[in-house]
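Counting the sequence shown from 1 gives a position; this note's numbering is that position plus 12.
Note that beta-carbon positions come from the ideal geometry of N, C-alpha and C, so glycine has one too.
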Amino acid sequence: MFYAGAAMPNHYTAMGAAAAVGLFLHPAPRPRTYAGIAAGLALAALMRPNDGVAVALPLLAAATLVPLWRARGRALAVAAGAAAGLLPWVVEAYVRFGGVRERLDDASEVQGGLRFTDSARHQFTAVDGPLLCRPCTGDGVRVPALSWWLLLAVFVPLGVWSVRRLRRTRRIREPQAPTPPAAALLLALTTALCAALPYVLLVPYTAPRFLLPAHALLAVPAALGVLAAARWARRARRPVLAGGVLAVLLAAHLTVQATLTSGNTRIQAAAREDWQRVAEVLHRHGVRPPCLLRGNTTVIPLAYTAGCEPAPRGDDRRPSALVLRRHAAPAWARDWIRFPVPDTYAPGWQVHLPPGPPGPPAPPAAS
């Protein structure tokens, strides 16, 4: 609900991953099935290359090693989809960064250095916010928000168990009746694990959106677990009581999720109003296009709101304005005029302008 309307790649990666895995498991794939597998993986890799690779690897292994799914069509669809999604990223790596390895090194640096970390525990603190837990040292764990993890831990295994039990029962009563293979759920679980592990083990910070592809893949076995629990409730000695308990648990979980969504939406809306307030201060003091904006946080949306160009890393041009939040001005801007931004949701915003009338971005100083 929250991320689907945001300019974030994770939701679309999750939808592509779920589509690719679902079509991969089709018992009688046709050419359009293979096209769907390729399209889903292309979308996932195009939106977030590392997630696309993480989803493609277990599918490719299954298509080449597991007799149940071993087929040239499946393997080619997975490889073609992942390659199509990765191609723009690889081309850009050579055009802008000098190569794939150089781009990966730059990406690792931006993330704070990819390495083995203990960020797994931060997934429990980030599930109720902040949306970017970097760092997570000051954030605690609220028990109601843990319902997400607790219900997954209950219903996902229950869903797998129910399918295995259903197959055994139907094999005895109706040997010819088709039943969903438990191996399909195990492949979905394996793919979800592969999608989640890099964020759990290597990234030194976290955000709830990072695990959206894993959650999308876990949704099917979890839903089967809910159905199994509903069947158990109907057969219980007191079906009304058992059904009521199950309904209360699910309603409480949905209430927690809706509350978190509403709260984070209000926070983000208020924070985005700060961008408009910063732009108003810039415009009030004569900063208008063409202009170059530099800052220590959220430079791109601030520049977009103000109609300026954001200064990329390593840009030697003197900016038209410097926007800082809770940060001292650098040495080269110590004599700039400081204007606090009033009435902001997040305190500490300041606009720094060079002495004299504002003008277009200045060229780099001659060395």
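Roughly how many angstroms separate the alpha carbons of residue i and residue j, rounded to a whole number?
i    : j    : result
A189 : R127 : Any answer about A189 is weak, because its pLDDT of 46 lies below 50 and its placement is not dependable; what the coordinates show is given next. Using only the alpha carbons, I get a separation of about 49 Å.
P147 : A157 : 19 Å
P142 : A219 : 7 Å
A341 : N308 : 10 Å
T191 : P39  : With a pLDDT of only 45 at T191, under the threshold of 50, the placement of this residue in the model should not be trusted; the figure read from the coordinates follows. Their Cα atoms are separated by approximately 11 Å.
R42  : G28  : 19 Å
L253 : F36  : 40 Å
L213 : C320 : 38 Å
R250 : D140 : 35 Å
A73  : N276 : 39 Å
R115 : P21  : 19 Å
H364 : P352 : 9 Å
A241 : A248 : 10 Å
Going by the DSSP bridge assignment, what does residue i pair with across the sheet?
i    : result
W81  : Answer by DSSP bridge pairing: none, since W81 is not bridged.
R350 : H364
A333 : L305
C148 : In DSSP, C148 forms no bridge with anything.
P313 : In the DSSP output, where bridge partners are listed per residue, P313 has none listed.
P322 : L305
Cβ atoms of residue j and residue i: under 9 Å apart, would you say?
i    : j    : result
A228 : A30  : yes
A54  : A94  : yes
A68  : A83  : no
P225 : A207 : yes
Taking buried to mean at least 16 other C-beta atoms within 10 Å of its own C-beta, is residue i buried or exposed?
i    : result
R108 : exposed
T25  : buried
W344 : exposed
Y211 : buried
G237 : buried
H23  : buried
L209 : exposed
A18  : exposed
H134 : buried
G360 : exposed
Following a CB-centred definition, is residue i positioned closer than 8 Å to any heavy atom of the ligand FAD?
i    : result
L209 : Summarising the ligand content, the structure contains no ligands, and the ligand FAD is consequently not present.
Between residue i and chain D, is the shortest Cβ-Cβ distance under 9 Å, so that the two count as touching?
i   : result
L35 : Absent from the structure is chain D; it holds one protein chain and no more.
(message) Quick check for students: name the residue ranges of the beta strand (DSSP E) that lie wholly in the region 163-241, counting only runs of 3 or more.
(response) none
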